[in-house]
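These notes concern the structure reproduced below.
Number of protein chains: 2
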Amino acid sequence: MGKRNITIKDIANELNVSVATVSRALSGHPDISEKTKLLIVETARRMDYHPNLMASGLIKKKSKTIGVIVPTINRQFWSNTISGIEKTAHQAGYKVMICQSDEQYSRERENIELLANSMVDGLLIAISKQTEHSDHIQRVITRNIPVLMFERVIDELPVSRVFTDDFNGAFQLVEHLIHGGCRRIAHITGPDTLKVCCRRLEGYRKALEKHGLPYREELIKIADFNHDAARRATVELLELPEPPDAIFGFADIIAIGAILELKERGYSIPGQISVAGFGNDEVSALIEPSLTTMAQPSFVIGQKSAAMLIDELTAEHPQTRKTEIIKPELIARASTR
Amino acid sequence: MGKRNITIKDIANELNVSVATVSRALSGHPDISEKTKLLIVETARRMDYHPNLMASGLIKKKSKTIGVIVPTINRQFWSNTISGIEKTAHQAGYKVMICQSDEQYSRERENIELLANSMVDGLLIAISKQTEHSDHIQRVITRNIPVLMFERVIDELPVSRVFTDDFNGAFQLVEHLIHGGCRRIAHITGPDTLKVCCRRLEGYRKALEKHGLPYREELIKIADFNHDAARRATVELLELPEPPDAIFGFADIIAIGAILELKERGYSIPGQISVAGFGNDEVSALIEPSLTTMAQPSFVIGQKSAAMLIDELTAEHPQTRKTEIIKPELIARASTR
DNA sequence: ATGAAAGCGCTAACAA
DNA sequence: TTGTTAGCGCTTTCAT
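For the record, the sequence lines run as chains H and B. Residue 341, in the numbering used here, is where the first sequence stops; the numbers in between run on with no holes. Residue 341, in the numbering used here, is where the second sequence stops; the numbers in between run on with no holes.
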């Protein structure tokens, strides 16, 4: 029952050496004879010793842990990034502590504070859609905790960033639609607090501009991250006096909502109307018609983010802020001409 | 730059009180005057004090963290459970540390050791498909670290468990196929190290038996968690002298692989052949034909697991091992008659 | 109600 | 090469 854990002190007693010697032996310090080292390591194993990482962390002011905060764990994009983060972190000997904000500012704030107090060595942050200012993040930066923002970033903050080239991605996608002959291209965007959406909207706008097509307010709708919201937005578009000949959703889930609504109403895709998304979720290849989209290498975004943060953690000298922009790739499928 | 963190000692100095008083004030100890308490709390805020959870954890032997190990983070079932775990844990004031084994025993072992040394208060484990014995888990149990296994469990271990009723789920699903008129029902199962698969296979077998249908070796194929493996298995089934009139995949991803192959070869589903899966991934409602499957409430499985573990952590007396079996629900869709 | 002091398990000067 | 000692930041007896 109350079996106390074995400590280095127990080993020291057992072998009549000092705790310092045991500590040195176990942590591979050079100044120690091969003989005692072997003896200690062997004894440690025999006694089923396990180092207490809290104790050493307390002294070294390092927990070998990085904190991650994402809007939600169970959306494919985020679970992929988390997976990439965990993989890279693990390879570098770090553990990851993961929190989700559920797209709420208050939970994000709370979680960041919690992670910071838990002495994470660094923080990987993707903000919620509600987050409108950066005080809470500024606060951990002031506490000298290295922060890297990914995908959902705040430009004003003096931190390294990893994010998708949304502007050019959207631009490229809209050009693809235009090349396919679409002239009235609608865009379903997300909450306007999300920079990601603004950047994609801007890419959309600029692509129209380049090709001499007018930007029409009525072709812009807003929807949240779910099929139903997307379907409602789609209905509104279809009921326009002049309905669109293409719908570009800011995320695959939106485009898929649109496809579902269009199919239900008997539209032919892309015959009457083209549909395109952004992200390349797994479903996008499986739905009929398969969805044209910009592929985001979410796993790689996670890996890069973790790698960059760990670089900063292990750097000798304070690093300058770095920015890595990830190019999405056009995947032309059956939902567009 | 080298801005040292504020400690309770700093606050004590500032106010000419002892660290003990500060500690008591900050942790809401009863024996303290309202006046000094307020003063200290206020000063702490003013000085931007943040408690060092490693230091208090070292004394209290609690980290308020639970460790989670899953085969992989980026498969829907697992990311959903993780999300449920995080939500419940957060509500109870716990953080979660998440590792993935990548279905490798060695990484699982490594990660469990790492989490245990990090002083997690408890461990939530779903084993890898490679894991054939339980020494590594037995070891942490011996160290008095509460363990709960979920979904991928090892029955022999004296720990609480949460898992899907695979046997009855498969049984029910196969009955559904039989009621639809299928007589040569094939089953694509997974690695035979996975109990989950064995239980589903057993449910399949018993359902056939109940309805007087023969169990035929040639109708059983093995595939890994991906479309290609499922497609290959499907091809083998189709090339049989007497091909099946239904394919039941042990997971949705398998069933979807089968559908893809069948569609490519021009089979009509469910006209010529029915297909059913297990899990009810998001795609299953979206693919054509939509997939009949047993829905697993993955988010809830995560929540239940976390709740049960936290119960054990906070229980006054040592708890007896509990088992919670989650009933999956038949979702009959267009891929079966 | 408050303070002094011991100590959680470990590391890292400084000595020897 | 090894031991001694002083903490890391906090909680918790035991006094006062």
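Built from N, CA and C at the ideal position, the CB exists for glycine as well. These numbers were taken from a predicted model, which means no experiment stands behind them.
N-terminal and C-terminal residue of the alpha helix (DSSP H) that residue i is part of
{"i": "Thr-238/B", "result": "231-242"}
{"i": "Leu-152/H", "result": "No alpha helix (DSSP H) holds Leu-152/H; the beta strand (DSSP E) holding it covers 151-154."}
{"i": "Lys-199/B", "result": "199-214"}
{"i": "Ala-190/B", "result": "Looking at the DSSP string, Ala-190/B is not in any alpha helix (DSSP H); the run it does join, the beta strand (DSSP E), is 189-193."}
{"i": "Ile-63/B", "result": "57-64"}
{"i": "Thr-47/B", "result": "38-50"}
{"i": "Ile-15/B", "result": "12-19"}
{"i": "Ser-27/H", "result": "23-30"}
Residue nearest to residue i in terms of C-alpha spacing, selected from the options
{"i": "Leu-241/B", "options": "Leu-127/B, Ala-59/B, Leu-223/B and Gly-253/B", "result": "Leu-223/B"}
{"i": "Cys-186/H", "options": "Phe-254/H, His-215/H and Thr-25/H", "result": "His-215/H"}
{"i": "Pro-385/B", "options": "Gln-276/B, Asn-20/B, Ile-44/B and Ala-96/B", "result": "Outside the displayed range of chain B (5 to 341) lies residue 385/B, so it cannot be described from this structure."}
{"i": "Ala-190/B", "options": "Phe-252/B, Val-157/B and Gly-261/B", "result": "Phe-252/B"}
{"i": "Pro-195/H", "options": "Arg-28/H, Gln-134/H, Trp-82/H and Lys-13/H", "result": "Gln-134/H"}
{"i": "Val-239/B", "options": "Ala-211/B, Thr-324/B, Tyr-271/B and Leu-217/B", "result": "Tyr-271/B"}
{"i": "Glu-316/H", "options": "Leu-181/H, Glu-333/H and Ser-164/H", "result": "Ser-164/H"}
{"i": "Pro-247/B", "options": "Lys-225/B, His-231/B, Gly-261/B and Ile-257/B", "result": "Lys-225/B"}
{"i": "Ile-330/B", "options": "Glu-155/B, Tyr-208/B, Arg-28/B and Leu-177/B", "result": "Glu-155/B"}
{"i": "Pro-332/H", "options": "Thr-324/H, Ser-302/H and Met-312/H", "result": "Ser-302/H"}
{"i": "His-140/H", "options": "Glu-107/H, Ala-311/H and Asn-115/H", "result": "Asn-115/H"}
{"i": "Gly-71/B", "options": "Gln-95/B, Gln-323/B and Ile-314/B", "result": "Ile-314/B"}
{"i": "Pro-75/H", "options": "Leu-43/H, Val-157/H and Pro-34/H", "result": "Val-157/H"}
{"i": "Ile-335/B", "options": "Gly-184/B, Met-153/B and Asn-284/B", "result": "Asn-284/B"}
{"i": "Ala-234/B", "options": "Glu-221/B, Ser-27/B, Ile-257/B and Gly-306/B", "result": "Ile-257/B"}
{"i": "Ile-10/B", "options": "Arg-147/H, Gly-126/H, Ile-291/H and Ala-262/H", "result": "Arg-147/H"}
For residue i, the first and last residue of its enclosing beta strand (DSSP E)
{"i": "Thr-327/B", "result": "327-330"}
{"i": "Ser-87/H", "result": "Ser-87/H -> not in any beta strand (DSSP E); alpha helix (DSSP H) instead, spanning 80-95."}
{"i": "Leu-333/B", "result": "With the sequence shown as reference, residue 333/B is identified as Glu, and Leu is not the correct amino acid for it. Glu-333/B -> beta strand (DSSP E) spans 333-335."}
{"i": "Arg-165/H", "result": "164-168"}
{"i": "Ile-226/B", "result": "224-226"}
{"i": "Thr-146/B", "result": "Looking at the DSSP string, Thr-146/B is not in any beta strand (DSSP E); the run it does join, the alpha helix (DSSP H), is 139-146."}
{"i": "Val-72/H", "result": "69-74"}
Local Cβ density within 10 Å of residue i, reported as buried at 16 or more and exposed below that
{"i": "Lys-68/B", "result": "buried"}
{"i": "Gly-61/H", "result": "buried"}
{"i": "Lys-326/H", "result": "exposed"}
{"i": "Gln-80/H", "result": "buried"}
{"i": "Gly-6/H", "result": "Low local confidence applies: a pLDDT of 49 at Gly-6/H is under 50, so the model's placement there is unreliable, with the coordinate-based value given in what follows. Its Cβ having fewer than 16 others within 10 Å, Gly-6/H is exposed."}
{"i": "Thr-296/B", "result": "buried"}
{"i": "Glu-90/H", "result": "buried"}
{"i": "Leu-205/B", "result": "buried"}
{"i": "Gly-32/B", "result": "exposed"}
{"i": "Leu-198/H", "result": "buried"}
{"i": "Leu-244/B", "result": "exposed"}
{"i": "Lys-13/H", "result": "exposed"}
{"i": "Gly-88/H", "result": "buried"}
{"i": "Glu-265/B", "result": "buried"}
{"i": "Asn-17/H", "result": "exposed"}
{"i": "His-321/B", "result": "exposed"}
{"i": "Leu-118/B", "result": "buried"}
{"i": "Asp-170/B", "result": "buried"}
{"i": "Ser-339/B", "result": "buried"}
{"i": "Pro-218/H", "result": "exposed"}
{"i": "Arg-232/H", "result": "Position check: residue 232/H holds Asp in this sequence, whereas Arg was assumed. Its Cβ having fewer than 16 others within 10 Å, Asp-232/H is exposed."}
{"i": "Asp-159/B", "result": "exposed"}
{"i": "Met-153/B", "result": "buried"}
{"i": "Arg-8/H", "result": "exposed"}
{"i": "Thr-85/H", "result": "buried"}
{"i": "Gln-307/H", "result": "buried"}
{"i": "His-94/B", "result": "buried"}
{"i": "Ala-174/H", "result": "buried"}
{"i": "Ser-22/B", "result": "exposed"}
Integer Cβ distance of residue i from residue j, believed to fall under 8 Å
{"i": "Ala-255/H", "j": "Phe-229/H", "result": "7 Å"}
{"i": "Ala-120/H", "j": "Ile-73/H", "result": "So it is not a contact: roughly 11 Å between Cβ atoms."}
{"i": "Ala-227/H", "j": "Ala-237/H", "result": "4 Å"}
{"i": "Ala-59/B", "j": "Ile-15/B", "result": "Going by Cβ atoms, the distance from Ala-59/B to Ile-15/B rounds to 14 Å, so no, they are not a contact pair."}
{"i": "Ala-289/B", "j": "Leu-181/B", "result": "No, Ala-289/B and Leu-181/B are not in contact; Cβ-Cβ is about 19 Å, not under 8 Å."}
{"i": "Glu-112/B", "j": "Ser-105/B", "result": "4 Å"}
{"i": "Asp-249/B", "j": "Arg-337/B", "result": "No, Asp-249/B and Arg-337/B are not in contact; Cβ-Cβ is about 18 Å, not under 8 Å."}
{"i": "Leu-161/B", "j": "Ala-310/B", "result": "About 19 Å separates the two Cβ atoms, so there is no contact after all."}
{"i": "Ser-83/B", "j": "Asn-78/H", "result": "5 Å"}
Worksheet item: Fully enclosed by the region 94-129 of chain H, which beta strand (DSSP E) runs are 3 residues long or longer?
Response: Counting whole runs of 3 or more residues, the region 94-129 of chain H contains the beta strand (DSSP E) stretches 99-104 and 126-129.
Worksheet entry | alpha helix (DSSP H) segments (min. 4 residues) lying fully within the region 238-321 of chain H | Taken in chain order, the complete alpha helix (DSSP H) segments of 4 or more residues contained in the region 238-321 of chain H are 256-268, 287-290 and 302-318.
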